[in-house]
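Undergrad: For any residue, its number in our numbering is found by taking its place in the sequence shown, counting from 1, and adding 13.
Each residue gets a CB set at the ideal place from its N, CA and C atoms; glycine is no exception.
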Amino acid sequence: MRSSIVHVAFAFLAMGSWAAFANRVHPMPAPLLAGLIQGTLSALITLLLKRGIEALARRFSGPTALLAPPLIAGLISASVLTAIHAIGGTPEIGRTIAVPLTVATSYAALYNLSLWRTRKAINHGAE
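#1: Which term fits residue 16, buried or exposed, when burial requires 16 or more other beta carbons within 10 angstroms of its beta carbon?
#2: Looking at chain B, is there any beta carbon in it that lies within less than 8 Å of the beta carbon of residue 46?
#3: Check the C-beta distance from residue 91 over to residue 114 and give it rounded, since I have them as a contact under 8 Å.
#4: Cα-Cα, which of 53, 40 and 36 is closest to residue 26?
#5: With a threshold of 8 Å, are at least 3 pairs of Cβ atoms found where one atom belongs to the segment 103-120 and the other to the segment 28-41?
Now the structure itself:
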């Protein structure tokens, strides 16, 4: 539990800071609001992404199991980030979500790869 709290807090601070930086050329409170929105979304994504990838990985097999979970997670993350920032009035949505989306999707791909390899090894061992 403590590890999760640290990860969530780090995501909030790191990605919230990035969002404020990405919107720094706009007058206050736009950078601050973008940072709060992105920090909150990154914290939530951090909490949910691992479980989401695990759930998706169980639904697919073969090469699809390698590609679909991170692709689905990335598309959902991109959609949610874009929509919430648009609602919140973030001026630089593309710049704001570029880093958090890259980090989240990279994590999803790498974590899913580890799940896929483990599942593949277990299945080969069962034959």
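TA: This is what the structure holds:
#1: exposed
#2: Of the protein chains in the structure, only one exists, and it is not chain B.
#3: 6 Å
#4: 53
#5: yes
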